[in-house]
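Enquirer:
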Amino acid sequence: MKKIRVCSFCGNMRIHGISILEQWMCAECEEKLLHMDLEDPSYEENKEKIKDIWKTHYVLTKKP
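Throughout the sequence shown, residue numbering follows this note's numbering, covering 4 to 67 in sequence.
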């Protein structure tokens, strides 16, 4: 049975996608990101979301 998950990028619930450091990205957002032009207005927003995923992962896995 496939698991429905909430996309960290668009907020929609999807079955297909990828996990990035324990955060879910649906297949539609992945496809958009892969083909997005650098001049696209949402490019910077998506870049910041990916940075936030890395920062959150670092904070949660940082050893004391």
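Note that CB positions come from ideal geometry on N, CA and C, so glycine has one too.
Quick check on the DSSP output: the beta strand (DSSP E) that includes isoleucine 53 runs from which residue to which?
Expert: From DSSP, isoleucine 53 is part of no beta strand (DSSP E) but of the alpha helix (DSSP H) over 44-64.
Enquirer: Report the CB separation of cysteine 29 from histidine 19 in whole angstroms; it is logged as a contact under 8 Å.
Expert: The pair is a contact, with the Cβ atoms about 7 Å apart (cut-off 8 Å).
Enquirer: Would you list the one or two residues that DSSP bridges to cysteine 29?
Expert: Cysteine 29 pairs with Gly20.
Enquirer: Report back the beta-carbon spacing between asparagine 15 and leucine 36 to the nearest angstrom; my notes put them in contact at under 8 Å.
Expert: Not quite, the Cβ-Cβ distance comes to about 15 Å (not below 8 Å), so this is no contact.
Enquirer: Excluding sequence positions up to five away, which residues of its chain have a Cβ less than 6 Å from the Cβ of histidine 60?
Expert: Within the same chain, histidine 60 has close Cβ partners Leu24.
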